[in-house]
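Notes for the one structure printed next.
Residue numbers (this note's numbering): 7 to 107.
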């Protein structure tokens, strides 16, 4: 999922989505607060920050992230995805003002 910013859209991806008949969701460009992956990264970051042992190497960080990823509740992911329509509608309705997301 991208945030409709052209810089994040590769022709190869556009062609693949078209070949698979996958339609992009219309949503405001450059609205990263709407992108569910940002919320997932936030949850992962908070989980890593609360670990007893800090990571010291890139490999330790990768392992820690994979372990925390496995612990993420599927319900959280489902909720983020199912809320996309209302998130976009809220963003559009407030135009450039702050959203609760």
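Don't be surprised by glycine CBs; every beta carbon is placed ideally from N, CA and C.
None of the values given here were measured: they were computed from a predicted structure.
Coil, strand or helix - residue i by DSSP
i	result
residue 31	coil
residue 58	coil
residue 95	helix
residue 26	coil
residue 37	coil
residue 88	helix
residue 78	coil
residue 16	coil
residue 69	helix
Beta-carbon proximity list for residue i, same chain, < 6 Å, skipping 5 on both sides
i	result
residue 67	61
Through-space distance from residue j to residue i, alpha-carbon basis
i	j	result
residue 30	residue 69	32 Å
residue 57	residue 98	38 Å
residue 74	residue 52	10 Å
Test item: CB-CB of residue i and residue j under 9 Å
i	j	result
residue 54	residue 78	no
residue 17	residue 46	no
residue 90	residue 42	yes
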